[in-house]
Amino acid sequence: MRRMMAACSTVLLAALSAACATSGQTQTQQANQNANAPVTLSFWSTGGDDETATFQKAADLYKQKHPNVTVKVQTLSWSDAYAKLLAAATSRNGPDIISGGMTWTIQFGARGAMVDLRKHGLESLKAQALPAQWESAISPDGSVYGVPLDMSTLALYYRTDLLEQAKVEPPKTWEELTATIGKLKAAGVKKPYGQDWGNLDWIGYFNYLYQAGGSFYTADCKPSLNTPQAEQALKYWVDLYREHGAPTATVEGADALDTGTAMVVAGNWIAKGIDINKPKLKGKWAMTTIPAGPAGPTAFIGGRAIGVTSFSKYVQTSTDFVKFMYSDEAITAIADEAKKRNISYIPPRPDKIVNGSVFTPEQAQVFEASIKTGKAAPGCPGWDESAPDVTKQLQSAILGKADIKTALAEAAKVMERNAG
């Protein structure tokens, strides 16, 4: 992307420079505004309309405390949010506040489109956030262009009746997982195991990579897929498909359980709807953390980051709203609305996972355990651009089009090329 920016015409660069200058002026103007003047903030929220509605509840609560401030939350779908936010970042024309993938604000911040929240005291939120997720949201140079807005993670969902039929317990390790798959097959279970979130995707590999003691990058953001740990992880993941029968076609987790899959790895969001959407499964399913690898039980931690654009006319007010989203009352407002809509919400504060989430205590404890030892996406330069092609290389190994070493080497080349 840096090369693309360097190749832009002189006219475009001049326009961007002018936009930056205008941005600086509007911030200065804000400082001189009447503190009671009406302010309307635009918040582009990546996700679904139900999630937007939960954040709007927090925005409405903020207005009660600041009657002159109105925050309007608008939905961006995951399918086109990055492109729309990138266009806004490039043109310096768009919302005051954005939320999106955990590392997106890093990429937009590198283009000068985000406010470094350290300048407005928001680094204080670090003490409340999950360290692994905070690390993912922060730029390698320490800039805070966004902070975690919420969290998501994985669990192993299983059919209690089918595991009882095979007289097995939920697997806790890699070895137990493959052994359990074999025992389920022997007991006549035709669909012993499947993967939903992360199936044929870098997120799926992420779990095994870190559980084997590997990582996508070194501490100084050099690609690190040329290690024995990376090979061990990919071999195990490939074997789940090719030797143990995990389907390459993705089936939504609740649907998989409903159609006879005994165990499925899926995101936290399906837990809220299984009993309602699949009533025949009530009392026949449970969940636990995903099986641990040789280096530990690391699971992927997702979620969204929230940040303030550098071209906002109301930077100080916007940053104050972002800080408000970490308050007890904002988290409660979001969680209450999420419960009404029967959707998932895990707050960005670990101390609120059990007491501030929308799940049953037993479910929340599983997610809390998963998050406690989890890791989030790498925040290294070029990762967001690399992820789709890294996924393609990993798929080439699963589908038998490349050997493991070649697939990893090609993935590393992509990461190196996009690092700039």
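So the sequence shown is residues -23 to -1, 1 to 397, counted in mature numbering (1 follows the signal peptide of the UniProt record, and there is no 0). In this text, a Cβ means the ideal position worked out from N, Cα and C, and glycines have one as well. Nothing here was measured: the structure is a model prediction, and the numbers come from that model.
(request) List the DSSP bridge partners of M240. (result) Looking at the DSSP output, M240 sits in a beta bridge with Y135 and Y170.
(request) Drop a sphere of 10 angstroms on the beta-carbon of A389, count the other beta-carbons inside from all chains shown, and report buried for 16 or more, exposed for fewer. (result) Per the 10 Å Cβ criterion, buried.
(message) According to DSSP, simplified to helix, strand and coil, what is M128?
(response) Annotated three-state conformation of M128 is strand, per DSSP.
(request) Over the uninterrupted beta strand (DSSP E) stretch that includes R281, give me the two end residues. (result) From DSSP, the beta strand (DSSP E) with R281 extends over R281 to V285.
(request) Measure the alpha-carbon distance for S304 versus F193 and round it to whole angstroms. (result) Straight through space, the alpha carbons of F193 and S304 are spaced by roughly 33 Å.
(request) For my contact list, D73 and Y291 are in at a C-beta cut-off of 8 Å; report their separation, rounded to the angstrom. (result) Approximately 6 Å separates the beta-carbon atoms of D73 and Y291; this is inside 8 Å, confirming the contact.
(message) On a Cα-Cα basis, can you pick out the residue from C357, M240 and K352 that is closest to S186?
(response) Checking the displayed sequence, the identity of residue 186 turns out to be Leu instead of Ser. Closest by alpha carbon: K352.
(message) Under 8 Å: do the stretch 124 to 143 and the stretch 243 to 253 share three or more Cβ pairs, one atom per stretch?
(response) Cβ pair count under 8 Å is three or more, so yes.
(request) Output yes or no for whether 7 Å exceeds the beta carbon distance between S113 and G86. (result) Not a contact, by the Cβ cut-off of 7 Å.
(message) As a quick exercise: from L63, N70, L18 and F32, pick the residue whose alpha carbon is nearest that of T47.
(response) Selected option, being the one with the closest Cα: L18.
(message) Quick test of your reading: L140 and P147, contact by CB under 8 Å. State the CB separation rounded to the nearest angstrom.
(response) Between P147 and L140 the Cβ distance is about 7 Å, and since that is below 8 Å, they are a contact.
(message) I need the straight-line Cα distance from A143 to A233, nearest angstrom please.
(response) Rounded to whole angstroms, A143 to A233 spans 18 Å at the Cα level.
(request) Measure from the alpha carbon of T238 to the alpha carbon of each residue in I158, W214 and G89, then state which is nearest. (result) Among I158, W214 and G89, the Cα nearest to that of T238 belongs to I158.
(request) Might you give, ordered along the chain, the residues of its own chain that have their beta carbon closer than 7 Å to the beta carbon of T137, omitting 5 neighbours on each side? (result) Taken in chain order, the residues that qualify are K261, W262 and A263.
(request) Using alpha carbons as the reference points, say which of T31, A35, T23 and A312 lies closest to residue 398. (result) Coverage of the chain is limited to positions -23 through 397, which leaves residue 398 absent and any answer about it impossible.
(message) Just to confirm my understanding: we take A58, look at its own chain, exclude 5 residues before and 5 after, and list those with CB closer than 6 Å. What are they?
(response) Taken in chain order, the residues that qualify are T23 and G77.
(request) List the endpoints of the continuous alpha helix (DSSP H) containing S347. (result) The continuous alpha helix (DSSP H) containing S347 extends over residues P338 to K349.
(message) Using the Cβ count rule (16 or more neighbours within 10 Å means buried), how would you classify W55?
(response) In this structure W55 is exposed. Its beta-carbon is surrounded by fewer than 16 other beta-carbon atoms within 10 angstroms.
(request) Measure the CB-CB distance between M79 and S287 and report whether it falls below 7 Å. (result) Taking a C-beta distance under 7 Å as the contact criterion, M79 and S287 do not qualify as a contact pair.
(request) Return yes when the Cβ of Y322 is within less than 7 Å of the Cβ of I311, no when it is not. (result) Against a cut-off of 7 Å, the Cβ pair of Y322 and I311 comes out as a contact.
(request) For M392, count neighbouring C-beta atoms within 10 Å of its own C-beta (all shown protein chains included) and say buried if the count is 16 or more, exposed if not. (result) Around the beta carbon of M392, 16 or more other beta carbons lie within 10 angstroms, which makes this residue buried.
(request) Could you give the DSSP three-state label for P200: helix, strand or coil? (result) In the three-state DSSP reduction, P200 falls in the strand class (E or B).
(request) Please name the residue, chosen from L217, W111, F298 and T67, that lies closest to Y170 on a Cα-to-Cα basis. (result) Of the candidates L217, W111, F298 and T67, the residue whose Cα lies closest to the Cα of Y170 is L217.
(message) Quick check: the Cα distance between L62 and R69, rounded to an integer number of angstroms?
(response) Distance between the alpha carbons of L62 and R69: 10 Å.
(request) Would you identify the three-state DSSP class for C(-4), choosing helix, strand or coil? (result) Reliability fails at C(-4), whose pLDDT of 38 lies under 50, so the model's placement of it is uncertain and the value that follows must be treated cautiously. The three-state reading of DSSP puts C(-4) in helix, counting H, G and I together.
(request) Report all residues from its chain with a CB closer than 6 Å to the CB of I180; omit the five preceding and five following residues, and keep chain order. (result) Sequence-distant partners of I180 (beyond 5 residues in either direction) whose C-beta falls short of 6 Å from its own C-beta, in its chain, are F277.
(request) Determine, using beta carbons only, whether V215 and A374 come nearer to each other than 7 Å. (result) The criterion of a C-beta distance shorter than 7 Å is satisfied by V215 and A374.
(request) Can you tell me which of K317, D37 and A60 puts its alpha carbon nearest to the alpha carbon of K49? (result) Among K317, D37 and A60, the Cα nearest to that of K49 is on D37.
(request) Can you give me the start and stop residues for the alpha helix (DSSP H) that M302 sits inside? (result) No alpha helix (DSSP H) holds M302; DSSP gives it neither H nor E.
(request) Check the DSSP bridge columns for L18 and list the partner residues they point to. (result) Bridge partners of L18 according to DSSP: V48.
(request) Using the DSSP secondary-structure output, state which residues sit across from M79 in a beta bridge. (result) DSSP output for M79 lists no bridge partner at all.
(request) Would you mind sorting N203 into buried or exposed? The rule is 16 or more other CB atoms within 10 Å of its CB. (result) Exposed, since its Cβ has fewer than 16 Cβ neighbours within 10 Å.
(request) Determine contact between the stretch 340 to 358 and the stretch 101 to 117, defined as no fewer than three beta-carbon pairs at a distance below 8 Å. (result) Between the stretch 340 to 358 and the stretch 101 to 117, the count of Cβ pairs shorter than 8 Å is three or higher; the stretches touch.
(message) From the DSSP secondary-structure annotation, give me the bridge partner or partners of G273.
(response) For G273, which the question treats as bridged, DSSP gives the partners G270.
(request) Apply the 10 Å Cβ neighbour rule to S347 and answer buried if 16 or more other Cβ atoms are within range, or exposed otherwise. (result) Buried, by the Cβ-count rule.
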